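Engineer: Input: one structure, supplied below.
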Amino acid sequence: MEKLIIDGGTPLKGRVKISGSKNAALPILAATVVYPNKYSLNNIPDIQDVRTMLELLKILGAKYTFKDNKVVINTINIKKHEAPYDLVKTMRASVLIWGALLSRLGRAKISFPGGCAIGDRPVDQHLAGFESIGYKTIVKSGYLESISEGPVGGNFKFKVKTVTGTENLILASILGKQKTILENCSLEPEVDDLINFLNSLGGQIVRKKEKVIVTPVTELKKQKKIYKVIPDRIEAGTFMYLGCIFPNKITVTNAKVEDLKEVISTIRLMGAKVETEKASIKITPPKAIQPIQVQTKPFPGFPTDLQAQLMAVLIFAKGVSKIQENVFPNRFIHVAELRKLGANISIKENTAKIIGVNGLAGAKIQASDLRASAGLILSALSSKGKTEIFRIYHLDRGYERIDDKLKLIGAKIWREKE
Ligand code: EPZ
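In the numbering used here, the protein residues as written are 38 to 455.
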């Protein structure tokens, strides 16, 4: 296992090119299973989760090449309907193969999904949704086995907004026998990227805010041109928050500004300057960061995936800030690690209270989930002295070459064997 060493305190200046979205690439890769064909996808981030998904598709019978952020995948010979435990346990998003296999083969067997350490990750809404559109599921020795019984299609209203739940129901209904109407769907841009991809293949999926209407088709057409996935708004937000910490001066490029409205408003509330120009966003930090209060919510609310990164900025605010985590039950694991650097943070139920401090000092800390480790990096970069971050495999699941991108703007960061 590797650890990250960061010699903090150096000013970070320059432009950071944002990679393709992990959470758009994963459902779109799963979608290539729905119909036997050859697909070309671009702007696919070279991260562990993408390689895990490609490995899973290969085990099901797909063949692929992945080079220079381009995937060419042939899913004509997919026959297997079972997603093996050892792959599903490492990545929650493998749950997306479930819906795709149901459309393709009418059956799917996946082990209970794993993923990050951010609390219990139920799939009750996926199950209830599949049930309502004609799939029966039995739970047997840690596996979920679903099979279609009768014509696929129907109506379902999600009890909670679930991103992969919405995506799974779209994937499982697109080749059905009758129309499917889904309500209280997630509004995340990554869901729309999946819808756009499927519609580019002849899918008939219409979104009306939280309602998604799937008119089934009997086949998906050959691709007319290579499909480019959207930029990663969470990676963009991560570097934008780093740019809020004086004296850094960071511009992110290849970003999608309209997906970052809520993030930009928090940055302006903290007193930083935001200048956008096409796909570039330039951040100028304030001399003093203003304290703010934020609640994480499903899109278009403030994203839970940027909660730890925002916290890394508020550690230096002139006053008391609050972040309420409403999406996941246990997403403050990074707080104990930030305290080791000298942060003054207390937690009461699902709210973190951050009392601003003047500076942090390097220490040995441990990454827990993918996005928390990004928050730890931002804090380590802003601490005096050396920080060692252990278990950084979490980081490599979702950030493409983050140390190289940071070195390019002046960070003293390197890897060593643990
Ligand atoms: C997606 O996870 C993202 N992953 C997560 O990003 C992101 O944090 C999350 O959405 C919320 O935005 C991918 O898109 C691959 P949910 P997902 O189902 O779909 C509850 C990252 O780092 N729920 O939207 O697994 C659930 O417990 C990852 O990129 C049910 O109760 O999350 C949670 O509290 C981390 N029953 C809430 O809904 C269900 O059947 C949102 O979960 C499903 C979910």
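From the three backbone atoms N, C-alpha and C, an ideal C-beta is built for every residue, glycine too.
Keep in mind the model is a prediction, meaning the values are calculated, not measured.
Across the region 77 to 94 and the region 253 to 272, are there enough close Cβ pairs to call them in contact, namely three or more that are closer than 8 Å?
Structural biologist: Enough Cβ pairs lie closer than 8 Å, so yes.
Engineer: Rounded to the nearest angstrom, what separates N102 and V109 at their Cα positions?
Structural biologist: One detail in the question is off: residue 102 reads as Thr in this sequence, not Asn. Taking the straight line joining both Cα atoms gives about 5 Å.
Engineer: Quick check on DSSP: helix, strand or coil for V364?
Structural biologist: It is coil, neither helix nor strand.
Engineer: Taking the runs of the alpha helix (DSSP H) that are 4 residues or longer, which of them lie wholly in the region 186 to 268?
Structural biologist: As far as the region 186 to 268 is concerned, its whole alpha helix (DSSP H) runs of at least 4 residues are 200 to 210 and 226 to 237.
Engineer: Quick check: the region 407 to 422 against the region 383 to 395, are at least 3 beta-carbon pairs closer than 8 Å?
Structural biologist: No, because fewer than three Cβ pairs between the region 383 to 395 and the region 407 to 422 fall closer than 8 Å, the two stretches do not touch.
Engineer: Quick check for students: name the residue ranges of the alpha helix (DSSP H) that lie wholly in the region 84 to 162, counting only runs of 4 or more.
Structural biologist: Here the runs fully enclosed are 85 to 97, 122 to 125 and 133 to 142.
Engineer: With contact counted as at least three CB pairs below 8 Å, one residue from each stretch, are the region 299 to 316 and the region 329 to 340 in contact?
Structural biologist: Yes, the region 299 to 316 is in contact with the region 329 to 340.
Engineer: Mind pulling the alpha helix (DSSP H) runs of 4 or more residues that sit fully within the region 281 to 341?
Structural biologist: For the region 281 to 341, whole alpha helix (DSSP H) runs of length 4 or above, ordered along the chain, are 298 to 306.
Engineer: State the Cα-Cα distance for the pair L66 and I326, rounded to the nearest angstrom.
Structural biologist: So the two alpha carbons sit approximately 40 Å from each other.
Engineer: Going by CA-CA distance only, name the one from Y172, L93 and V289 that's closest to L443.
Structural biologist: Checked all of Y172, L93 and V289; the closest Cα to L443 is V289.
Engineer: Flag Q361 as yes when its Cβ comes closer than 6 Å to any non-hydrogen atom of ligand 1, and as no otherwise.
Structural biologist: The answer is no for Q361.
Engineer: One question on the structure: do Y278 and Q346 come within less than 7 Å of each other, judged by their Cβ atoms?
Structural biologist: Cβ atoms of Y278 and Q346: closer than 7 Å.
Engineer: Are the CB atoms of G191 and I175 within a distance shorter than 7 Å?
Structural biologist: No.
Engineer: Can you grab the Cα-Cα spacing for the pair I414 / I43, in whole Å?
Structural biologist: Approximately 8 Å between the Cα atoms of the pair.
Engineer: Under the three-state reduction of DSSP, which class applies to A398: helix, strand or coil?
Structural biologist: Looking at A398 - three-state DSSP - the assignment turns out to be strand.
Engineer: For G45, does the three-state DSSP call read helix, strand or coil?
Structural biologist: G45: strand per DSSP, three-state reduction.
Engineer: Taking the alpha carbon of T255 as the reference point, which residue from I263, V311, G239 and K245 has its own alpha carbon closest?
Structural biologist: Here the closest residue by C-alpha is G239.
Engineer: What does DSSP give as the partner residue(s) for A389 in the beta ladder?
Structural biologist: Answer is I360 and I384, bridged to A389.
Engineer: Is the region 127 to 134 in contact with the region 194 to 208, if contact means three or more CB pairs nearer than 8 Å?
Structural biologist: At 8 Å Cβ cutoff, the stretches touch.
Engineer: Check F369 in the structure and name its three-state DSSP category.
Structural biologist: Three-state DSSP puts F369 in coil, outside helix and strand.
Engineer: If I follow the unbroken alpha helix (DSSP H) through Y278, where does it start and stop?
Structural biologist: Y278 -> alpha helix (DSSP H) spans R270 to L279.
Engineer: Cα separation between T303 and G280?
Structural biologist: T303 and G280: Cα-Cα distance of roughly 13 Å.
Engineer: For R438, is the beta carbon positioned less than 6 Å from some heavy atom of ligand 1?
Structural biologist: Answer for R438: no, Cβ out of range of ligand 1.
Engineer: Within this structure, are the beta carbons of I370 and S405 separated by less than 7 Å?
Structural biologist: Their beta carbons are under 7 Å apart, which means I370 touches S405 by this criterion.
Engineer: Which of helix, strand or coil does DSSP assign to F167?
Structural biologist: If DSSP states are grouped into helix, strand and coil, F167 belongs with the helices.
Engineer: Quick check: does the Cβ of Q346 come within less than 6 Å of any heavy atom belonging to ligand 1?
Structural biologist: No, ligand 1 has no heavy atom inside 6 Å of this Cβ.
Engineer: Mapping DSSP to helix, strand and coil, what is R376?
Structural biologist: Note: R376 maps to helix in three-state DSSP.
Engineer: In terms of residue numbering, what span does the alpha helix (DSSP H) encompassing I352 cover?
Structural biologist: First-last for I352: undefined, no H or E at that position.
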